[in-house]
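Peer 1:
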Amino acid sequence: MVTNMAKAILGVDIGSDSLKLALVKGRQVRKTAVVPMPNNLIREGRVVSTETMGELLRRAMKENGIHCGEAAMALPNETVFTRSVTMPLMTIDQLNYNLPFEFRDYITDELKDYYYDYAVVSTTEGEAEEGEAGEEGERGGAQMELMAAAAPKSLIEESKELLHRAGLKLVKAAPAVCAFQALIRVDQMKNGDEGKEYCVLDLGSQSIRMYMFRGDRHMVTRVLEIGMNTLDTVISEAYSVDVHLAHTYLLTNYEDCQSKEYCLNAYGNITVELMRALNFYRFSNPDSRLEDIWICGGGACIRPLRQTLADTLDLKIHTAGELIPDSPALEEDYTLLQAIGIAIY
């Protein structure tokens with residue numbers, strides 16, 4: 002008899018609209034919670050008050066019966082840099098020294114103010130020529146492809162502090178692309194199609210992000226400067242209320258506002274932007290055979306928007322829950338993908 006000794010870990014995703022929690026053991030989701038975010042607690046992707054956020058997290062865990070001592074944090078897209086890089090094959094010490102310089106064209110602050118990490122995607126072997134370094138240094142012609150990330154040290158320290166206030170220890174932190182990558186790897190192991198293309202569409206409040214993968218290899222992320230706050234604006238104008246109340250109308254589908262003409266027009270504008278981004282991706286990758294798209298984020302909860310996407314895009318639309326392993330009860334929860342993925346990663 003084999004006993005599953007995997008420790009439970011709490012995946013934490015702090016969004017502008019809500020706090021998402023997923024208690025995961027192994028690859029099984031045990032408990033989840035989604036808690037509305039107080040106004041102005043998040044600004045430009047950063048927590049304004051670690052004390053307030055820590056208390057919100059502590060209370061959310063208590064009210065939802067979540068008991069755990071370790072946490073994995075999904076880092077906000079706005080503050081973390083990720084990129085694919087190709088470098089000569091080198092030792093870990095050499096890589097740690099050289100990796101920061103791969104971000105010098107992206108980071109406007111001091112490079113020393115960031116933490117850097119990487120995952121090896123692939124390596125290509127080469128033969129060392131006379132005079133070049135051997136096994137302990139760079140090998141002539143040999144290269145490694147990495148997915149690298151850079152996060153502000155201040156962000157990591159803030160994350161540690163707010164988790165500590167809730168009785169949690171930060172054991173891993175990574176950007177959203179890593180959370181999605183983890184779920185795709187599990188899906189591939191289940192279905193056995195290593196070359197399958199994935200598009201994960203995060204319909205967020207401030208923007209929409211399209212994460213493109215070939216197998217579990219991240220190809221590119223496209224950011225569309227249009228988000229679900231567009232719907233808040235049109236509902237606000239229709240009802241002559243402020244955008245905060247309009248957002249509540251949207252979430253509760255007040256007077257079936259999600260199906261009104263002004264919202265349908267907004268869905269159309271969003272879909273046009275998505276089609277442009279997809280066409281550009283296919284033009285840049287002529288060998289692409291993309292057929293499927295998985296939707297998540299707050300906007301994915303809006304049924305008429307999902308229907309507009311299904312009717313317009315030449316792709317099969319999947320719910321986010323289809324990427325969540327062994328968790329059929331979560332099939333309709335579109336907001337927990339990052340929290341679950343970062344716990345599995």
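Quick note on our numbering: the sequence shown kicks off at 2 and runs consecutively. The beta-carbon is built from N, C-alpha and C at its ideal position, and this holds for glycine as well. All of these numbers come straight from a predicted model, not from anything done at the bench.
Alpha carbon to alpha carbon, how far is Lys161 from Ser208?
Peer 2: In a straight line, the C-alpha of Lys161 is about 27 Å away from that of Ser208.
Peer 1: Determine which residues share a DSSP beta bridge with Ser208 and list them.
Peer 2: Answer by DSSP bridge pairing: none, since Ser208 is not bridged.
Peer 1: If you run the structure through DSSP and keep just helix, strand and coil, what is Leu246?
Peer 2: Residue state, collapsed to three classes: helix.
Peer 1: Applying the 10 Å Cβ sphere with the 16-neighbour rule, what's the burial state of Met62?
Peer 2: With 16 or more Cβ atoms within 10 Å of its Cβ, Met62 is classed as buried.
Peer 1: Determine whether the beta carbon atoms of Ser50 and Met38 lie at a separation below 8 Å.
Peer 2: No.
Peer 1: Measuring alpha carbon to alpha carbon, tell me which of Ala267, Arg31, Thr87 and Leu251 ends up nearest Gly66.
Peer 2: Per the Cα distances, Arg31.
Peer 1: Given this structure, state the Cα-to-Cα distance separating Pro153 from Leu100, to the nearest angstrom.
Peer 2: Cα to Cα, Pro153 sits roughly 15 Å from Leu100.
Peer 1: Does the distance from the C-beta atom of Leu204 to that of Ala267 stay below 8 Å?
Peer 2: No.
Peer 1: Is it buried or exposed for Val25, if we count other Cβ within 10 angstroms and need 16 for buried?
Peer 2: Label assigned to Val25: buried.
Peer 1: Between the alpha carbons of Pro326 and Ala150, how many angstroms are there, rounded?
Peer 2: Approximately 26 Å between the Cα atoms of the pair.
Peer 1: So, with DSSP's three-state summary, where would you put Ile43?
Peer 2: It is a strand residue.
Peer 1: Is it true that the segment 286-295 meets the segment 193-202, where meeting means three or more beta-carbon pairs spaced less than 8 Å apart?
Peer 2: These segments touch.
Peer 1: To the nearest angstrom, how far is the alpha carbon of Ser85 from that of Asp110?
Peer 2: Cα-Cα distance, rounded: 21 Å.
Peer 1: Which residue wins for smallest C-alpha separation from Val221, given the options Gln339, Val178 and Thr320?
Peer 2: Val221 has its Cα closest to that of Val178, out of Gln339, Val178 and Thr320.
Peer 1: When you compare each of Pro176, Leu246, Asn230 and Ala73 to Leu164 by their alpha carbons, which one comes out closest?
Peer 2: For Leu164, the nearest C-alpha among the options comes from Ala73.
Peer 1: Between Arg186, Ser17, Lys191 and Asp94, which has its C-alpha nearest Glu45's C-alpha?
Peer 2: Measuring from the Cα of Glu45, the nearest candidate turns out to be Ser17.
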